[in-house]
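First comes the structure, then the notes that go with it.
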Amino acid sequence: MHEELNNFTRNEVWTLEAKPKGARVIGTKWVFRNKQDDEGNIVRNKARFVAKGYSQVEGIDFGESFAPFVRLEAIRFLLAYATHHDMKLYQMDVKSAFLNGYINELVYVEQPPSFEDPNNPNHVYRLSKALYGLKQAPRAWYERLRDFLIEKGFKIGQVDTTLFTKKMDNDHFVCQDYVDDIIFGSTNEELCKEFGNMMAKEFEMSMIGELMFFLGFQIKQLKEGTFIYQEKYTRDLLKRFKMDDCKSIETPMATNAKLEADESGIKVDQTLYRSMIGSLLYLCASRPDIMFSVFLCARFQADPKESHLITVKRILRYLKHTPSIGLWYPKGASFGLLGYTDSDFAGCHVEHKSTSGGCYLLGHSLVSWSFKKQNCVSLSTAEAEYIAAGSSCAQLLYMK
1 MHEELNNFTR NEVWTLEAKP KGARVIGTKW VFRNKQDDEG NIVRNKARFV AKGYSQVEGI
61 DFGESFAPFV RLEAIRFLLA YATHHDMKLY QMDVKSAFLN GYINELVYVE QPPSFEDPNN
121 PNHVYRLSKA LYGLKQAPRA WYERLRDFLI EKGFKIGQVD TTLFTKKMDN DHFVCQDYVD
181 DIIFGSTNEE LCKEFGNMMA KEFEMSMIGE LMFFLGFQIK QLKEGTFIYQ EKYTRDLLKR
241 FKMDDCKSIE TPMATNAKLE ADESGIKVDQ TLYRSMIGSL LYLCASRPDI MFSVFLCARF
301 QADPKESHLI TVKRILRYLK HTPSIGLWYP KGASFGLLGY TDSDFAGCHV EHKSTSGGCY
361 LLGHSLVSWS FKKQNCVSLS TAEAEYIAAG SSCAQLLYMK
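In this text, residue positions in the sequence shown follow full-length UniProt numbering: the first is 1, and each later residue adds one.
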């Protein structure tokens, strides 16, 4: 907790002042959590001092609050790009990132609980920089980082504004921002060192080193290519739902399975069912093999029955059998954009709508996939296929 407050002092985040008459003061609190490595071991205990941003009023305490957020497929795209160009990716973390962002609004917050100034217990802090919990904090930090990188000659992505690139002679450098985590790599290792030194001069950094664990992804950068998987997340998921000792199975769903509303079926805990679906949806970020099954079960979250829960548990049994399956991005392959699409006809037995599916590759690297129930009822297989193809073309144009 003392370390956290020292960060506020070093970054000149606030000044202690007497509370102005009629001023709005935002409450504060402490949040505690454990930070883990890719093996699940606790590496440090962390205390975070945050503002109660839910009490802020738009137009008074904050204005614009939107901050761009990287899509998971953009991370996979970057990994495929780096593998193809034989670039090793690294990861760094900006310490107390939000404390670096400047805010334009006049904001007062309470003193930290248990750390009030004994001489001025009724004083409040006036913020000159962002504080965790404020609605404008993510935007303030992004704008600070963006302006700094552009000043140093980086170009911002036209579609993905969290991506920054820079070309120097025959070498090129890429940098992907995810809040306070930064992934970067270059065809020239010296440029990576220069980037690390440049960032360390402007912000307080912690160099994590080679990219190995990011957003729940475990990443192995090998000589032959890059392997992306979520084995730790899978095992934690099985343990959370008490399926770690279940009997494994070789397929996520039976080939003749037909899920329906099952109105006469036995009702199950809706919270448990939704929790399972939500956890499995995130696992789909590296497991396209379970996507169809998970999305099919996700249609019945409003009123889940025992038959639906059994189907979800079968997916978990399949994960018990295949915890370490992931994505393989080989080196030396072509890098052309390729997409495949397919559709069934009236596969949904509730609304009689068709389902579209597609997968998109850069060379031999699978970077994106989709599964979606179509919005309208198709009158023929041809119509269903055309709708699926149209959606697939839109995705390919976005990726291009």
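Even for Gly, the Cβ is constructed at its ideal location relative to N, Cα and C.
- Grab the span of the beta strand (DSSP E) containing His364 for me, first residue to last. That residue, His364, is in no beta strand (DSSP E); it is neither H nor E in DSSP.
- Message: Tell me the rounded alpha-carbon separation between Ala130 and Ile325.
- Response: 41 angstroms
- Euclidean distance between Cα positions of Lys155 and Glu189: 20 angstroms
- Message: Under DSSP, the alpha helix (DSSP H) around Ile277 begins and ends at which residues?
- Response: Its alpha helix (DSSP H) spans residues Gln270 to Leu283.
- Query: With distances taken between CB atoms, is the gap from Phe49 to Leu5 smaller than 9 angstroms?
  - Reply: Closer than 9 angstroms, so yes.
- Where Asn45 falls: helix, strand or coil (DSSP): In this structure, Asn45 counts as strand in the three-state DSSP scheme.
- Item | Length of the line joining the Cα atoms of Cys348 and Met92 | 45 angstroms
- Message: Three Cβ pairs or more, each shorter than 8 angstroms: is that satisfied between the stretch 224–241 and the stretch 186–204?
- Response: They do not touch, by the three-pair rule.
- Message: Between the alpha carbons of Val179 and Tyr132, how many angstroms are there, rounded?
- Response: 12 angstroms
- From Lys372 to Ala74, what does the alpha carbon distance come to, in whole angstroms? 20 angstroms
- Task: Use the C-beta contact count for His2: other C-beta atoms within 10 angstroms, 16 or more gives buried, fewer gives exposed.
- Result: Exposed.
- Segment limits, alpha helix (DSSP H) that includes Met312: First, the amino acid is wrong: residue 312 is Val here, not Met. According to the DSSP assignment, Val312 belongs to the alpha helix (DSSP H) that extends over Glu306 to His321.
- In terms of residue numbering, what span does the alpha helix (DSSP H) encompassing Asn197 cover? Glu189 to Glu202
- Query: Going straight from the alpha carbon of Leu72 to that of Ala285, what length do you get?
  - Reply: 7 angstroms
- Thinking just about the alpha-carbon of each residue, which of Phe32, Phe77 and Gly27 is nearest to the one in Tyr360? Phe77
- Query: Where does Pro118 sit, in a helix, a strand or coil, going by DSSP?
  - Reply: In this structure, Pro118 counts as coil in the three-state DSSP scheme.
- Taking Cβ positions, are Tyr90 and Cys246 nearer each other than 9 angstroms? By the CB criterion at 9 angstroms, Tyr90 and Cys246 fall outside the cutoff.
- Message: Given this structure, state the Cα-to-Cα distance separating Asp344 from Thr162, to the nearest angstrom.
- Response: Between the alpha carbons of Asp344 and Thr162 lies a gap of roughly 36 angstroms.
- Message: I'd like to know whether the C-beta atoms of Ile228 and Leu319 end up nearer to each other than 9 angstroms.
- Response: no
- Item | Beta carbon of Ile290 nearer than 9 angstroms to that of Pro252 | yes
- To which residues of the same chain is Leu296 closer than 7 angstroms at the C-beta, ignoring the five residues directly before and after it? The beta carbon of Leu296 sits closer than 7 angstroms to the beta carbons of Leu259 from its chain, once the five residues preceding and following it are set aside; these are given in chain order.
- Item | Sequence-distant residues of its chain with Cβ nearer than 6 angstroms to Pro288 (five each side left out) | Trp369
- Item | Coil, strand or helix - Tyr178 by DSSP | Reduced to three states, the DSSP call for Tyr178 is strand.
- Own chain residues within Cβ distance below 7 angstroms of Ser307, not counting five before or after: Around Ser307: Asp262 and Gly265.
- Query: What residue range is occupied by the uninterrupted beta strand (DSSP E) comprising residue 412?
  - Reply: The chain is shown from 1 up to 400; residue 412 falls before or after that span and cannot be answered.
- First and last residue of the uninterrupted alpha helix (DSSP H) at Met291: Counting along the chain, the unbroken alpha helix (DSSP H) around Met291 starts and ends at Met291 to Ala298.
- Which whole runs of the beta strand (DSSP E) in the stretch 81–141 are 3 residues long or more, in chain order? 89–94 and 124–127
- Glu151 - DSSP class collapsed to helix/strand/coil: helix
- Going by Cα to Cα distance, which pick from Leu106, Pro121 and Glu231 is closest to Pro113? Pro121
- Message: Please classify Phe115 as buried or exposed, where buried requires at least 16 neighbouring CB atoms within 10 angstroms.
- Response: exposed
- State the Cα-Cα distance for the pair Trp14 and Lys21, rounded to the nearest angstrom. 19 angstroms
- Query: What is the rounded straight-line gap between the Cα of Asn256 and the Cα of Val94?
  - Reply: 50 angstroms
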